[in-house]
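Undergrad:
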Amino acid sequence: MVNAETFSNSVKLETADTLRNKLSSAKDIVDLYNKAIDLLSKMERNFGNVLGNRRRDFDGKVTVGNNTEFERKAGKYNKKMLEYKDSTVTTTALYVVALAFSFGKSNVDEDLVDTLVDELLLTQQVSKRQLEKELLNNLGNSENTQQVSGSKEGDINRYEVKKGDTLSKIAQKLYGDWRLYRKIKEINGLKSDVIKVGQILKLPKNLSSSSKPETTKNTEPIIEITTNDRNIVRFSTLEDYNPLTSPQRIVVADDLQKLWVNDDIDSAANLEATDLGRLKNWVLKFLEFNPNILKETGIKDIYHLSPKEAIILASKITMRRLEFSYLQGAFGGVDAEGHVIIDSKYLNELPEAQRAKYIANPSLLQELVKKIDNMPIDQMFFVKEGVCRNYGDAVKGVFQVLKDMQEAQSSQLANTYCARINSYHSPVLRKQIVDKHLWNTFYTVNRSGGVDTLVIDATWADRDENGNLDYSSERFLFNIAKMREIGLITEAQQIAQLERWCREKKNQGSKSYSATCLFIADYYVKIGDNERAVDFYFELLDDRGMKGLYEFAREYKMLDGDVNAGMDRYIEKMKSDTKPKDNFFIDCCANQFYRKGLFREAADKIFEGESERGVSPYGEVVLIASLIQIKEFDDIDKGAFQDDLAYVLGSQGWLQKTYPNEMAVILERYGAKNNIF
Amino acid sequence: MDKNQEILKLLKTKFKDREKLVQFFVDYLDKMTDEDKNQLYFLLTSNDPKKIAEFRKEKEEELGQLFIDIKSLDAKSRKLFLDHNEDQDKEEEEKNMEKLLDNL
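Next comes the structure, spelled out in structure tokens:
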């Protein structure tokens, strides 16, 4: 455990002066605001953990408990924290007004005002939501204050005390924490700690300590996005998907309808060829023969489904019946000469006999896929063939059937819509996260005119061990890209949302995190904010380690104007990094010296630890070019670098692309000599 | 006309095309102190770009300072929680030791 004193000593605060010096533009304010709000939210959660079981009003006053010095102090800090939160929001808001008056110089300022207002609105909405949630929790707690956790009937085991048992030993044995002996004592109404052999104790199946702050459940946060027309699109998780429904159809803005009205479909669609009446009969028949699916999903009344129930049921029916085949995936299109391209990754999943058949005659594959594309879903269910597009179609079709089955007077699905979304909305992310994929997104227009959104991927769920349906967290990125494409949000808003997403995913090392950082960095390059771009390239680097470094440097070429400044920062960062420095890092440093005209330093850098690490092709180019520049031809001509030069000249095509200046120097001197040694 | 309404009217006139900004203040104005409202009023009525630029600078500094204060409060509160956890563990360990001794 961290010693409190050590911890306190290790917290180094930035001084006000250094921070003030850093604030040079409005962009820093966005950053600072976000950092402050992040920190405040973390603190709020911590206070919630410590003070959460007591009734707490939002002045930070603890109305129940508040007995110990610790509680009083924590209450005081909590109050201070809430004051700071208000000040942060107010100060930023006033700053935004002042900023709004002074734009006109550039569009970037205008975008910044928008970004800041978005962030402010978001904080405001999150606070409101938290307040409602806390108040509800507090009401619940006040009714149940006497109930001991885990003491509900049916959750209790009986335990006979054996020789040598003590309360703490039992607590350790059964719950892995001796400190829970107090709870056992409390539940059994014991006045002392003494227990006798043969005594019967009541022990709950699950018991948790209330003396330690309970960690908050790690669920994905609900994300709200305000569109250009001030409608709120709210992304939630399957667990939290409980929109306020209405049996009457709610009229919604045209722009917003674009989310589901023309949903993505990239071929002659199965769904369009489907007779929903027949599909309905099929679904009913399926449910009749598979009653367990209703039991598993806990659904009691199929004619009164909530949006969440309908979404789960539509997905499960699809997953249960659409038996997956890789045939469609194996068809990779047709090349310019009309030959069928086979994607062996999918083909290899097929049984040997089938595989051989399609390899021998690839056009059979094309014919079959064409047939599947035009086949109605209800037939396809029995054919046992299909990929993500078929899943997406089937989920949408079955959902439509379930929606039509609801009683009109009380339907909770009247305002829920299903769309198919595909990965083409964001080519950059598509390359990195999911290639050529399609999934479903559900939208429920709620009573306040906003839209609750949930992303479901039945195809992947079918292969997921836990059958997890909810992909709101990851596919969110593409859904945001779609919102941008249909004009619901501005590009700056899209980036602000992606940055928010990145902050939450930081350090998780996922491919999607890196891809998103790259995407954001590219945006900043586009608008000319190289500093920010570099920050995100660094993120990419942090996450993928040395491999990311290479990508960073490659992408970095886009920042030509700032190469020197950027490389300095990059070298500075790498010096303090604990990651092992490989060839590439050292060669990059050397190259940086070379570009600055410090040829001796460049050559020395390459020699640094050379015997242990070897030199990369890039390093060889820089080395030879440096030696030429410092006129140490003898070393080269006498053969000390014979292999290196031979290699460089032999591979000049691809090295020239990366190091044109250095290669020009080398070729000028040695290029004309066919056999120099 | 009370101050809030006056401010909102000014905001709506000055920021016709920035509905979101106005909306933010519609929802948030009640939470602001009188001093903050005065500052906002000053901004909306001042026509001096130099003063507005100064005001902007001032807010930048305030936000910077606030962040420092927030970090410091964060450190203090984390220390408080750590101390508290340590105290509790110590107390329980002592009790447990006593119990063990009793049972010997």
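Protein sequence lines correspond, in order, to chains A and B.
So for the first sequence, our numbering puts the first residue at 1; every next one is plus one.
So for the second sequence, our numbering puts the first residue at 1001; every next one is plus one.
We put the beta carbon where it would ideally sit given N, CA and C, even for glycine.
Just so it is clear, the structure is predicted and the values come from calculations on it, not from any experiment.
1) In the structure shown, what three-state DSSP assignment does Trp282/A receive?
2) Grouping DSSP H, G and I as helix and E and B as strand, with all else coil, what is Asn228/A?
3) Quick check on Val261/A: does DSSP put it in helix, strand or coil?
4) Please indicate yes or no: does the CB of Ala603/A lie closer than 7 Å to some heavy atom of the ligand FAD?
5) Which of helix, strand or coil does DSSP assign to Phe688/A?
6) If you follow the alpha helix (DSSP H) that Phe478/A is in, where does it begin and where does it stop?
7) Does DSSP put Tyr550/A in a helix, a strand or coil?
8) On the three-state DSSP scale, how would you describe Tyr175/A?
9) Chain B beta carbons: is any one of them nearer than 8 Å to that of Ser210/A?
10) Which of the residues in the stretch 26-37 of chain A, read from start to end, lie with their CB under 9 Å from any CB of chain B?
11) What are the uninterrupted segments assigned as beta strand (DSSP E) that are 3 or more residues long and contained completely in the stretch 330-408 of chain A, given in chain order?
12) Using CA atoms only, rank isn't needed, just tell me which of Lys1020/B, Lys1014/B and Thr1033/B is closest to Asp86/A.
13) Can you name the residues of chain B whose CB is closer than 7 Å to the CB of Asp86/A?
14) Just verifying my parser: in three-state terms, what is the DSSP assignment at Ala414/A?
15) Using the DSSP secondary-structure output, state which residues sit across from Asp452/A in a beta bridge.
16) Taking C-beta to C-beta, are Thr115/A and Val30/A nearer than 8 Å?
17) Could you give the DSSP three-state label for Leu271/A: helix, strand or coil?
18) Measure the CB-CB distance between Cys388/A and Thr459/A and report whether it falls below 8 Å.
19) Between Val1094/B and chain A, is the shortest Cβ-Cβ distance under 8 Å, so that the two count as touching?
20) By the 8 Å beta-carbon criterion, what residues does the stretch 1047-1068 of chain B contribute toward chain A?
21) Buried or exposed for Ala602/A, please, with buried defined as at least 16 other CB atoms from any protein chain shown within 10 angstroms of its CB.
22) Are the beta-carbon atoms belonging to Phe1024/B and Ala36/A less than 8 Å from one another?
23) Keeping to the same chain, check which residues put their C-beta closer than 6 Å to that of Lys505/A; ignore five residues upstream and five downstream.
24) Between Ile372/A and Asn290/A, what straight-line distance do the alpha-carbon atoms span, to the nearest angstrom?
25) Could you tell me whether any Cβ in chain A is nearer than 8 Å to the Cβ of Tyr1028/B?
26) Below 8 Å, can you find three or more Cβ-Cβ pairs linking the stretch 240-257 of chain A to the stretch 438-446 of chain A?
27) Give me the chain B residues within the contact set of Ala93/A, using Cβ-Cβ distance strictly less than 9 Å, ordered along the chain.
28) For Ile942/B, which residues in chain A fall below 7 Å Cβ to Cβ?
29) Candidates Tyr670/A, Asp635/A and Arg321/A: which alpha carbon is nearest Ala646/A's?
30) Between the C-alpha atoms of Glu143/A and Leu1080/B, what's the straight-line distance to the nearest angstrom?
31) Would you call Asp457/A buried or exposed, if buried means 16 or more other Cβ atoms sit within 10 Å of its Cβ?
32) Output yes or no for whether 8 Å exceeds the beta carbon distance between Val161/A and Val197/A.
33) Between the alpha carbons of Glu1091/B and Lys185/A, how many angstroms are there, rounded?
34) Which residue comes first and which comes last in the alpha helix (DSSP H) that contains Pro307/A?
35) What separation, rounded to the nearest whole angstrom, lies between the Cα atoms of Asp1017/B and Val113/A?
36) In angstroms with no decimal places, state the Cα-to-Cα distance between Gln172/A and Leu180/A.
TA: So, to answer that:
1) helix
2) coil
3) coil
4) Inclusion of the ligand FAD in the displayed structure is not the case, the ligand content being empty and no account of it being possible.
5) With chain A running from 1 to 677 in the structure shown, residue 688/A is simply not present.
6) Ser472 to Glu485
7) Only weak support exists for where Tyr550/A lies, its pLDDT of 47 falling under 50; the coordinates are left without a value.
8) helix
9) Low confidence applies to Ser210/A: its pLDDT is 39, below 50, so where it sits in the model is not reliable, and the reading given next is rough at best. Not one chain B Cβ lies under 8 Å of Ser210/A.
10) Ala26, Asp28, Ile29, Leu32, Tyr33, Lys35 and Ala36
11) 331-334 and 340-342
12) Thr1033/B
13) Lys1031
14) coil
15) Arg234/A and Thr444/A
16) yes
17) helix
18) yes
19) Looking at the sequence provided, one finds Glu at residue 1094/B rather than Val. Judged by the 8 Å Cβ criterion, Glu1094/B is not in contact with chain A.
20) Pro1049, Ile1052, Ala1053, Phe1055, Arg1056, Lys1059, Glu1060, Glu1061, Glu1062, Leu1063, Gly1064, Gln1065, Leu1066, Phe1067 and Ile1068
21) buried
22) no
23) Tyr513
24) 26 Å
25) yes
26) yes
27) Leu1021, Phe1024, Phe1025, Tyr1028, Met1032, Asp1036 and Leu1040
28) This structure cannot speak to residue 942/B, because chain B is shown only from 1001 to 1104.
29) Tyr670/A
30) Confidence at Glu143/A is low in this model, with a pLDDT of 33, below 50, so the placement of that residue is unreliable and no value is reported for it.
31) buried
32) yes
33) 17 Å
34) Pro307 to Arg321
35) 12 Å
36) 8 Å
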